[in-house]
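Residue numbers (my numbering), protein chains in the order written: chain A, 1205 to 1317; chain B, 23 to 135. The block underneath contains the structure these notes are about, expressed in structure tokens.
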Amino acid sequence: GESVGLHLPTLSVQEGDNSIINCAYSNSASDYFIWYKQESGKGPQFIIDIRSNMDKRQGQRVTVLLNKTVKHLSLQIAATQPGDSAVYFCAEKSSGSARQLTFGSGTQLTVLP
Amino acid sequence: DTEVTQTPKHLVMGMTNKKSLKCEQHMGHRAMYWYKQKAKKPPELMFVYSYEKLSINESVPSRFSPECPNSSLLNLHLHALQPEDSALYLCASSWGQLNEKLFFGSGTQLSVL
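Following this line, the structure appears as structure tokens:
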């Protein structure tokens, strides 16, 4: 079946640096992508989303880039802060009758002081 | 109110017990979801309710029984669980079943002894 995966299971960055979390997907019919942040003991929290008719979307300190040619999604976090330490999940949704989110395996981001 | 509230936050139960997990949202969302999440893994979809009717059951064992009393409430009744059912159970809601953006609760951490 189709899958959504992440290139790296863990990522450590220095406080103040920019972070880039990558995600690969295999379903060419995917038309919606979303990033969630999950802190320890909490549920996933929405960060940003993007549709397949766009290649970039910006939020507050975060940017999502979508490359449909190579089926790659990335989340960029500017000026990473200790509060950004969490597991980040990408998820995709493909057109079709089911249209439920499929989550990737997650990346643990650790911000070093 | 942009919250999905889950109770209890923690639950320990024996294999012969019957317990219920509760979820509540007051955002006017018409779709509600149950997810199961094992440690360091992405959430796995269990059930979807759309307009108070069960629309998706992801082949979940019958020892898990969902219930949607009204558009704001979602329950998950548990009976004769196994130790491997220990996990974080997440409730989520969205405007409609086809809506991609899910709002998650903080989850119930369940331990089955």
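Every residue, glycine too, gets a C-beta built ideally from N, C-alpha and C. These figures come from a predicted structure and were not determined experimentally.
C-beta atoms of residue 127(B) and residue 26(B) nearer than 8 Å: yes
Same chain only: Cβ atoms within 6 Å of residue 36(B), ignoring 5 sequence neighbours per side: If we look at residue 36(B) and ignore the five residues flanking it on each side, its Cβ neighbours are 135.
Between the CA atoms of residue 41(B) and residue 72(B) - distance to the nearest angstrom: 24 Å
Environment of residue 34(B) [buried if 16+ CB atoms lie within 10 Å]: exposed
Cβ neighbour criterion (16 or more within 10 Å) applied to residue 1274(A): exposed
Under 7 Å by beta carbon: chain A residues contacting residue 123(B): Under the 7 Å cutoff, chain A gives 1238, 1250 and 1253.
Cβ neighbours of residue 30(B) in the same chain (closer than 7 Å, five flanking residues each side left out): 130
Residues of the segment 1284-1310 of chain A with Cβ closer than 7 Å to any Cβ of chain B, in chain order: If you check each beta-carbon in the segment 1284-1310 of chain A against every beta-carbon of chain B, the ones closer than 7 Å belong to 1293, 1297, 1303, 1304, 1305, 1307, 1308, 1309 and 1310.
Closer than 8 Å to chain D by CB, residue 69(B): Of the protein chains in the structure, A and B, none is chain D.
Length of the line joining the Cα atoms of residue 1279(A) and residue 1268(A): 5 Å
Pick from 1231(A), 1262(A) and 1287(A) that is closest to residue 1295(A), judged by C-alpha positions: 1231(A)
Through-space distance from residue 1254(A) to residue 1313(A), alpha-carbon basis: 21 Å
Closer than 8 Å at the beta carbon, the chain B residues around residue 1246(A): 128 and 129
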